[in-house]
Amino acid sequence: MVAAVSEIGDALLARLQAFMAAHVYPNEALYEQQLHAVPGEVFRVPAIMDELKAKARAEGLWNLFLPHSSSGAGLTNLEYAPLAEEMGRVYWAPEVFNCNAPDTGNMELLDRYGTEEQKRKYLLPLLEGKTRSAYCMTEPDVASSDATNVQTRIERDGDHYVINGHKWWTTNAYHPNTAIYIVMGKTDPTAPTHLQQSQILVEPGTPGIRLMRPLSVFGYYEPPKGHGEVIFENVRVPVENIILGEGRGFEISQGRLGPGRIHHCMRIVGQSERLLEQMCRRLLSRNTFGKPLAERSVWQERIAEARIEINMCRLLTQHAAHLMDTVGNKAARSEISQIKVAATRMGQRIADMTIQAFGAAGVTDDFGLAHTYARMRTLRIGDGPDEVHNRTIARLELAKYKPPREKK
Ligand SMILES: Cc1cc2nc3c(=O)[nH]c(=O)nc-3n(C[C@H](O)[C@H](O)[C@H](O)COP(=O)(O)OP(=O)(O)OC[C@H]3O[C@@H](n4cnc5c(N)ncnc54)[C@H](O)[C@@H]3O)c2cc1C
């Protein structure tokens with residue numbers, strides 16, 4: 028059950044639920060069929076995706092994630108939470124409403140920090156769902172959970188910047204519609220640590236870019252988006268492609284990650300609800316040693332734990348969203364980190380429990396559970412590993428009790 032937050036949010040939620048029931052759930056099998064229809068053609072967009080996008084857009088269920096913006100539904104983060112939760116129930120559904128990662132984070136970045144020309148060229152087609160985008164921060168050669176380690180160089184040469192670097196885990200690198208990369212790199216390695224990095228817009232077809240290979244997540248290549256390893260070798264882009272100016276990269280990535288992180292958590296709550304539903308139905312339908320599995324106390328205990336954890340995570344998500352709306356992303360950073368850790372751990376635990384309830388069937392692709400587990404596990408690393416978020420939470424907590432002279 029989702030808490031009512033506003034009339035506009037409730038009305039949109041009812042329309043979204045009706046759309047999911049009429050068009051998304053009935054097409055889950057078709058989506059998978061179309062995705063894998065052509066052997067050897069891994070990264071293809073299923074035709075049903077484009078059909079559903081057109082329908083959702085026509086019904087005004089589009090760009091619901093953009094808060095306080097004329098380009099989107101103008102919802103607050105708190106109002107958006109139940110909508111993202113609903114979409115999260117089917118892993119590919121967020122894209123139907125143009126609300127999927129990593130494009131939402133990239134659109135928000137361009138909306139907030141882009142020039143009018145950058146918005147016209149790159150944001151508009153993204154908002155229309157015609158193109159996709161990628162965010163290139165992580166590098167294989169350095170521990171990228173600390174973004175100050177990023178080594179890619181972005182050097183000014185007349186009216187161009189020249190980019191040299193090695194990235195990986197570039198989500199959407201293989202999506203056939205990806206039209207723009209946002210690349211993070213150092214413009215001035217001698218500047219103070221947090222002013223060395225910049226972000227720049229690079230079109231995928233620019234000479235010097237090499238897509239090395241798609242990376243697999245526990246064996247899944249996650250089409251149609253894919254996660255790519257990408258080399259940038261003397262890639263030249265016009266100076267006007269820099270976002271916000273040299274040395275502002277760190278500031279931009281902080282602004283981008285807050286909303287992106289909480290959107291993941293909202294969707295995880297929805298995905299976990301779906302798992303719990305699958306688990307209960309399965310346990311009710313199968314018997315061992317003379318009675319339904321659902322009557323075994325061990326399973327009742329697990330079901331209860333799952334219910335408690337989902338409800339706790341939903342409330343913490345809503346609390347963090349409310350703080351983002353009222354005191355801002357920076358002041359809400361402990362709560363954003365708290366829910367990033369709590370929701371991903373909860374999702375992984377419930378996915379694991381559901382697989383156990385299904386027995387061997389759980390580790391096949393027949394019920395989507397193995398892939399769901401892989402996604403949940405992965406989210407404990409993507410957008411910052413648990414330890415890095417716990418570090419943020421602990422530092423903010425400790426700061427409350429430090430003697431004044433030790434406070435920074
Ligand atoms: C499916 C998926 C999609 C992704 N998509 C993108 C994308 O689109 N764009 C992009 O740029 N990146 C993306 N990433 C990369 C992701 O953001 C990084 O993997 C993440 O930031 C961690 O960086 P790293 O892999 O270099 O790990 P490292 O920084 O090498 O860290 C390794 C481990 O060290 C531990 N650790 C780190 N810091 C601390 C600490 N302070 N205290 C204790 N332990 C610590 C953690 O356990 C961590 O897992 C994606 C990753 C995945 C798995």
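Each number in the working numbering comes from the position in the sequence shown (counting from 1) with 27 added on. C-beta: ideal position from N, C-alpha, C; glycine also.
Kindly identify the DSSP beta-bridge partner or partners of residue i.
| i | result |
| --- | --- |
| Met-3 | Given a span of 28 to 435 for the chain in the structure shown, any question on residue 3 remains unanswerable. |
| Asp-184 | His-187 |
| Pro-319 | Asn-314 |
| Cys-23 | The requested residue 23 is not part of the displayed model; the chain covers only 28 to 435. |
| Pro-265 | His-187 |
| Arg-18 | Nothing in the structure corresponds to residue 18, since the chain is present only between 28 and 435. |
| Arg-240 | Glu-256 |
| Thr-198 | His-254 |
| Tyr-247 | Val-244 |
| Gly-232 | Answer is none; Gly-232 lacks a bridge partner. |
| Gly-192 | Phe-259 |
| Thr-142 | Paired residues: none, contrary to the question. |
| Thr-205 | Arg-159 |
Could you tell me the distance, in whole angstroms, from the CA atom of residue i to the CA atom of residue j?
| i | j | result |
| --- | --- | --- |
| Leu-91 | Asn-314 | 43 Å |
| Val-29 | Ile-337 | At Val-29, the pLDDT of 44 sits below 50, so the modelled position is not reliable; the number obtained from the coordinates is stated separately. Answer to the nearest angstrom: the Cα atoms are 11 Å apart. |
| Asp-168 | Lys-146 | 32 Å |
| Ser-172 | Gly-276 | 15 Å |
| Gly-67 | Leu-238 | 17 Å |
| Ser-33 | Gln-178 | 45 Å |
| Tyr-140 | Thr-197 | 21 Å |
| Leu-93 | Thr-131 | 8 Å |
| Ala-85 | Ala-38 | 17 Å |
| Asn-127 | Ile-258 | 25 Å |
| Gln-44 | Ser-312 | 26 Å |
| Ser-299 | Glu-260 | 42 Å |
| Ile-335 | Val-262 | 51 Å |
| Pro-250 | Asp-215 | 36 Å |
| Glu-144 | Gly-272 | 14 Å |
| Ala-426 | His-349 | 23 Å |
| Leu-242 | Ser-324 | 41 Å |
| Met-513 | Glu-322 | The first residue shown for the chain is 28 and the last is 435, placing residue 513 beyond what the model contains. |
| Ile-420 | Thr-353 | 20 Å |
| Tyr-248 | His-398 | 10 Å |
| Arg-180 | Asn-199 | 22 Å |
| Ala-48 | Ala-83 | 13 Å |
| Ala-120 | Leu-79 | 9 Å |
| Tyr-400 | Pro-430 | 44 Å |
| Leu-343 | Gly-285 | 15 Å |
| Arg-240 | Glu-256 | 6 Å |
| Pro-231 | Trp-326 | 50 Å |
| Arg-418 | Phe-316 | 48 Å |
| Thr-165 | Val-210 | 10 Å |
| Leu-423 | Glu-59 | 44 Å |
| Tyr-107 | Leu-62 | 29 Å |
Rounded C-beta distance between residue i and residue j? I'm assuming under 8 Å.
| i | j | result |
| --- | --- | --- |
| Ile-295 | Gly-115 | 6 Å |
| Met-351 | Asn-104 | 5 Å |
| Phe-70 | His-202 | 7 Å |
| Ile-377 | Ala-333 | 5 Å |
| Cys-163 | Tyr-208 | 5 Å |
| Phe-385 | Arg-309 | 6 Å |
| Ser-160 | Thr-233 | With a Cβ gap of about 15 Å, Ser-160 and Thr-233 do not count as contacting. |
| Gly-287 | Asp-410 | 6 Å |
| Tyr-149 | Leu-136 | Actually they are not in contact, since the Cβ atoms of Tyr-149 and Leu-136 sit about 10 Å apart, beyond 8 Å. |
| Ile-270 | Leu-228 | 7 Å |
| Leu-102 | Ile-75 | Between Ile-75 and Leu-102 the Cβ distance is about 27 Å, and since that is not below 8 Å, they are no contact. |
| Lys-357 | His-416 | That pair is no contact at about 15 Å. |
| Leu-222 | Gly-274 | 4 Å |
| Phe-46 | Trp-89 | That pair is no contact at about 11 Å. |
| Leu-302 | Thr-381 | 5 Å |
| Thr-175 | Thr-220 | 5 Å |
Subject >> Touching by the beta-carbon criterion (3+ pairs, under 8 Å), the segment 187 to 197 and the segment 106 to 113 >> reply: Judged by pairs of C-beta atoms under 8 Å, the segment 187 to 197 does not touch the segment 106 to 113, as fewer than three such pairs exist.
Original post:
Between the segment 403 to 412 and the segment 284 to 293, are three or more C-beta pairs nearer than 8 Å?
Top reply: Output reads yes: the segment 284 to 293 touches the segment 403 to 412.
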